[in-house]
Amino acid sequence: MTGDPAPRLLYGANVRANGIRQHYLRFGGSGPAIVIVPGISTTAAQWAFVAEHLSDGHDVYVLDVRGRGLSEGGPHLSYSLDACAADLAAFADVLQLGRHTILGHSMGARIGIRAARWRASSIEQLILVDPPVSGPGRRAYPISIDPLLRLLQRAKRGEADIALRGPDAPAWPEQHIRTRAEWLHTCDERALIEAHKGFHSDDIHFDLANLTVRTALVVAGRGGVIRPEDESEIRRLVPAIEIRRLETAGHQMQIDDTDGFLSLVRALLQSRA
434 MTGDPAPRLL
444 YGANVRANGI
454 RQHYLRFGGS
464 GPAIVIVPGI
474 STTAAQWAFV
484 AEHLSDGHDV
494 YVLDVRGRGL
504 SEGGPHLSYS
514 LDACAADLAA
524 FADVLQLGRH
534 TILGHSMGAR
544 IGIRAARWRA
554 SSIEQLILVD
564 PPVSGPGRRA
574 YPISIDPLLR
584 LLQRAKRGEA
594 DIALRGPDAP
604 AWPEQHIRTR
614 AEWLHTCDER
624 ALIEAHKGFH
634 SDDIHFDLAN
644 LTVRTALVVA
654 GRGGVIRPED
664 ESEIRRLVPA
674 IEIRRLETAG
684 HQMQIDDTDG
694 FLSLVRALLQ
704 SRA
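With positions in the sequence shown counted from 1, the corresponding number in this note's numbering is that position plus 433.
Here it is in structure tokens:
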């Protein structure tokens with residue numbers, strides 16, 4: 434199913450939205466709009482392969498979250514969840530996307546949750562891919578920031594390719610190793626630190642309880658981020674939510690089981706409330 438699709442990248446571009454430069458990639462160009470929001474240390478380029486597969490019948494935008502990729506970063510910026518959610522809302526406004534779907538992975542899912550609570554009228558559907566469910570008074574996010582920061586420092590020295598092939602690195606396909614090695618150095622260290630802190634200080638469960646948009650949750654069966662009791666709580670907070678599990682995959686499910694991930698996402702995009 435994931436045989437190489439015909440290239441559907443239209444262009445990469447920058448837009449000024451919420452007072453900063455935001456970089457994105459656009460695929461397909463016709464059909465309902467989807468905005469993909471990557472995770473804590475991931476760039477638009479690393480989600481291009483997903484966008485290519487979804488661009489058959491959709492207008493897909495992949496965003497570089499502030500402090501990552503080619504979007505603006507630096508000591509003058511806040512990297513709070515509120516700032517990132519405001520970026521996402523302003524991005525859709527400036528590009529006049531109208532009603533659109535947000536597909537957010539991990540940190541990107543948390544950004545999507547807050548943006549959707551604020552701007553429900555502009556969201557057609559919210560697809561949450563393994564969002565951290567840590568928060569005030571809750572168990573810690575199970576993935577430590579320290580190995581990621583060490584990897585980032587190696588990337589900034591030009592050693593990411595070596596590090597990502599080490600004995601402790603995940604066994605990813607070559608294309609994903611190369612893409613991560615190419616782009617990881619663009620991440621602002623403070624952006625990663627502040628986002629990880631935010632996993633523990635921001636209360637997304639309040640946001641979930643106040644969502645009014647059609648919402649789906651995709652859970653990594655081997656990720657350890659969302660447990661069965663978390664699913665139950667989320668279902669209580671969002672009774673109409675669609676929950677799907679990808680039992681074969683870890684947190685980076687779009688890489689661990691690309692076929693399975695795309696199948697679930699396509700089914701959710703085709704579903705009706």
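We treat Cβ as the ideally placed atom computed from N, Cα and C, and that holds for glycine.
Whether Arg-569 touches Asp-640 by CB criterion (7 Å):
In the sequence as presented, Arg is not what sits at residue 569; that position holds Pro. Contact flag unset, no.
Assuming Val-493 contacts Gly-461 under a Cβ cut-off of 8 Å, what Cβ separation, rounded to an integer in Å, is found between them?
5 Å
For the beta strand (DSSP E) holding Asp-492, just list the boundary residues, first then last.
492-496
Selected residue, minimal CA-CA separation from Arg-501, among Ile-626, Arg-459 and Ile-667
Ile-626
Tell me which residues share the same chain as Pro-465 and place their Cβ nearer than 6 Å to its Cβ, disregarding the 5 neighbours each side in the sequence.
His-491
Measuring alpha carbon to alpha carbon, tell me which of Glu-675, Val-468 and Leu-514 ends up nearest Gln-529.
Val-468
Tell me whether His-509 sits in a helix, a strand or coil according to DSSP, three-state version.
coil
Is it right to say Pro-471 is buried, meaning 16 or more other beta carbons lie within 10 angstroms of its own, or is it exposed?
buried
If you reduce the DSSP assignment to three classes, tell me which class Met-434 lands in.
Low local confidence applies: a pLDDT of 49 at Met-434 is under 50, so the model's placement there is unreliable, and no value is given.
Quick one: what does DSSP say Thr-534 is sitting in, helix, strand or coil?
strand
Using alpha carbons as the reference points, say which of Ala-682, Arg-454 and Leu-536 lies closest to His-509.
Arg-454
With contact counted as at least three CB pairs below 8 Å, one residue from each stretch, are the stretch 554-566 and the stretch 530-539 in contact?
yes
How would you call Thr-619, buried or exposed, if buried means at least 16 neighbouring beta carbons within 10 angstroms?
buried
8 Å CB neighbourhood of Arg-668 in its chain, flanking five on each side removed:
Ile-674 and Ile-676
If we ignore side chains and look at the alpha-carbon of each, how far apart do Thr-681 and Asp-689 end up?
8 Å
Specify whether the stretch 570-583 and the stretch 648-659 touch according to this definition: at least 3 beta carbon pairs, one from each stretch, less than 8 Å apart.
yes
Note down the Cα distance separating Ala-706 from Ala-548, rounded to an integer number of angstroms.
Note that Ala-706 has pLDDT 42, beneath the 50 cutoff, so the model's placement of it is unreliable and the number below is only indicative. The straight-line gap from Cα to Cα measures roughly 20 Å.
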